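Chemist:
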Amino acid sequence: MVRKLTPRELRQRRATIKFGKIFTALSVGLWFLSSIPYIFIRVGTFLDNKGLLGEAPWTIKSKEMCGEQREKNAEGRVVVVTGANSGIGYEAAKTLALLNAEKVVLGCRSKGKCEYSKAMIDAERLELCFKGQEKDFTSNVIDPSLSLDLGDLDAVKKWAESLSAQEGVDYVTDLVLNAGIMSTPLEPRNPGTGLENQLHTNHVAHFYLTSLMLPLLESVSALEGAVKDSKVVTIASLAAQSPFSYSLSDINFTSGRSFSSLTAYSQSKRANLLFAQHLHSTLSPKGIKSLAAHPGYTRTNLFHNNWHFLPKQLDFIKDIASENTLFSMSSYDGAMMTVRSILDVNIPSGSYVTPAMYATGTPVVSRPKVSKWWNPGYKDGVIMYPFMENVWSWIWGGFSFKDEDVKGLNEFTEKVTGVKIE
Ligand SMILES: *[C@@H]1O[C@H](CO)[C@@H](O)[C@H](O)[C@H]1NC(C)=O
Numbered sequence: 001m002v003r004k005l006t007p008r009e010l011r012q013r014r015a016t017i018k019f020g021k022i023f024t025a026l027s028v029g030l031w032f033l034s035s036i037p038y039i040f041i042r043v044g045t046f047l048d049n050k051g052l053l054g055e056a057p058w059t060i061k062s063k064e065m066c067g068e069q070r071e072k073n074a075e076g077r078v079v080v081v082t083g084a085n086s087g088i089g090y091e092a093a094k095t096l097a098l099l100n101a102e103k104v105v106l107g108c109r110s111k112g113k114c115e116y117s118k119a120m121i122d123a124e125r126l127e128l129c130f131k132g133q134e135k136d137f138t139s140n141v142i143d144p145s146l147s148l149d150l151g152d153l154d155a156v157k158k159w160a161e162s163l164s165a166q167e168g169v170d171y172v173t174d175l176v177l178n179a180g181i182m183s184t185p186l187e188p189r190n191p192g193t194g195l196e197n198q199l200h201t202n203h204v205a206h207f208y209l210t211s212l213m214l215p216l217l218e219s220v221s222a223l224e225g226a227v228k229d230s231k232v233v234t235i236a237s238l239a240a241q242s243p244f245s246y247s248l249s250d251i252n253f254t255s256g257r258s259f260s261s262l263t264a265y266s267q268s269k270r271a272n273l274l275f276a277q278h279l280h281s282t283l284s285p286k287g288i289k290s291l292a293a294h295p296g297y298t299r300t301n302l303f304h305n306n307w308h309f310l311p312k313q314l315d316f317i318k319d320i321a322s323e324n325t326l327f328s329m330s331s332y333d334g335a336m337m338t339v340r341s342i343l344d345v346n347i348p349s350g351s352y353v354t355p356a357m358y359a360t361g362t363p364v365v366s367r368p369k370v371s372k373w374w375n376p377g378y379k380d381g382v383i384m385y386p387f388m389e390n391v392w393s394w395i396w397g398g399f400s401f402k403d404e405d406v407k408g409l410n411e412f413t414e415k416v417t418g419v420k421i422e
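Once you know that position 191 of the sequence shown is 191 in the UniProt record's numbering, the rest is easy, because the numbers rise by one and skip nothing.
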């Protein structure tokens, strides 16, 4: 027997149903909103792979490995990669070795790691390219006897000198400034320069290494072989656009600017872009190109090893950042920006090679463009990412740079390292 509800009970029940409806609508709405970037990226990646976002997607098919197809071929190239033991550095080094590079020189902070990378790359090349002709195999991967610790400028110098003195490297066609640390604490600072660690390792040490490698890069133009172009590829990051992160006047976090490890990371990555522009203006007249590239959002252990700012309870965010496959690319796909920068001889110096879909996608080439009047504070500057010029460069003023930004950073870095690149 059903009891008749009192008016009060009736009101309560109606309220419960109404609340349920609102709750459901909100959850569905939130779910829908949160999936928009996902749909955007997936649809975009699909269109990109079909070649519908402009030029045909730049990829390497497995049949192009081992140098059987002439078009994408690293023959004659001598490539130096810093941070070659993991992530996109490792994948780029491996791909170039499989594309028959003359030599791929691995730079790793700790010794055993390069040894392991070399063994892995050699094994894969033997398996893929020398099946049945194992006795013809000679390795094209060099694991230098010294390790490349970017934290220590003296060690950088010894490493660079050892390449020609001990490792038989007498020219370098491509220098890839790839190694990076992320979100490290302010203290202790770098023991050598006293600088904030990310600026030291990601920018200053790479500046110093580049200055030491110049003779090897310069000797390429005099070579007999087919490869005449040499280049420096600087790996930046989406973080370089982060607004309010870069401050030349307090670049070392000593004049009261509040420190956040992510701000400092973004600053070091902006420094990478400015440095690439400096190299473009000084080296391209000498026949050495300077390109910058960024890997978008690639799942690498950069998040795991470096996000020290997270409290223990939030450690799972590192797992999400380094393992979620929804929004991110694999290290191999992320390494394609580097690989295209090296192999595509038609890219002009000063370009920025980026994923077609902002955070993911195949590599596309952006040319710096003069900023428009609506770009606050950067009216006479240059925009590094023309693809997003209208929307993003307005919101993130940090996309743009001026000549004096490039000059100011260069003077600072010359002072710290005691060397000039001109
Ligand atoms: C950076 O700041 C630290 C701490 O104040 C200082 O010891 C160091 O000399 C500074 N380095 C440079 C290159 O300005």
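The C-beta atom is built at its ideal place from N, Cα and C for all residues, glycine as well.
Since we're looking at a predicted model, the values are computed, not measured.
Is the Cβ-Cβ distance between glycine 408 and threonine 360 less than 8 angstroms?
Modeler: no
Chemist: Assign proline 215 to buried or exposed, taking buried as 16 or more other Cβ atoms, counted over all protein chains shown, within 10 Å of its Cβ.
Modeler: exposed
Chemist: Could you give the distance in angstroms between the alpha-carbon of leucine 262 and the alpha-carbon of serine 247?
Modeler: Each residue's alpha carbon lies about 14 angstroms from the other.
Chemist: So for asparagine 390, helix, strand or coil by DSSP?
Modeler: Residue confidence for asparagine 390 is low, a pLDDT of 48 falling below 50, so the modelled location carries little weight and cannot support an answer.
Chemist: At which residue ranges does the region 144-190 contain complete beta strand (DSSP E) runs of 3 or more residues, listed in the order of the chain?
Modeler: 174-177
Chemist: Within the region 97-129, note down every full alpha helix (DSSP H) run reaching 4 residues or more, in order along the chain.
Modeler: 111-129
Chemist: Using the Cβ count rule (16 or more neighbours within 10 Å means buried), how would you classify proline 188?
Modeler: exposed
Chemist: Leaving out the 5 sequence neighbours to the left and right, which residues in its chain are closer than 8 angstroms to valine 416 when beta-carbon positions are compared?
Modeler: Closer than 8 angstroms at Cβ, skipping near neighbours: Thr193, Leu195, Val204.
Chemist: Using only the heavy atoms of ligand 1, determine whether one of them is closer than 7 angstroms to the beta carbon of arginine 189.
Modeler: Yes, the beta carbon of arginine 189 sits closer than 7 angstroms to at least one heavy atom of ligand 1.
Chemist: Are there any heavy atoms of ligand 1 lying less than 7 angstroms away from the beta-carbon of leucine 195, as far as the coordinates show?
Modeler: yes
Chemist: Using CA atoms only, rank isn't needed, just tell me which of Gly44, Thr201, Arg13, Ile17 is closest to leucine 153.
Modeler: Thr201
Chemist: What beta strand (DSSP E) runs, 3 residues minimum, are completely inside the region 183-271?
Modeler: 230-235
Chemist: Which class does glycine 347 belong to by DSSP, given the choice of helix, strand or coil?
Modeler: The question names glycine, but residue 347 in the sequence shown is isoleucine. Here isoleucine 347 sits in coil by DSSP.
Chemist: With 16 as the cutoff for other CB atoms within 10 Å, does serine 255 come out buried or exposed?
Modeler: Its Cβ having fewer than 16 others within 10 Å, serine 255 is exposed.
Chemist: Could you check where the alpha helix (DSSP H) with valine 416 kicks off and where it finishes?
Modeler: Unbroken alpha helix (DSSP H) run through valine 416: 403-417.
Chemist: For ligand 1, I want to know if threonine 254 counts as a neighbour, meaning its beta carbon is within less than 7 angstroms of at least one of the ligand's heavy atoms.
Modeler: yes
Chemist: Taking the alpha-carbon of leucine 186 as reference, which of Leu175, Leu223, Leu199, Ser219 has the nearest alpha-carbon?
Modeler: Leu199
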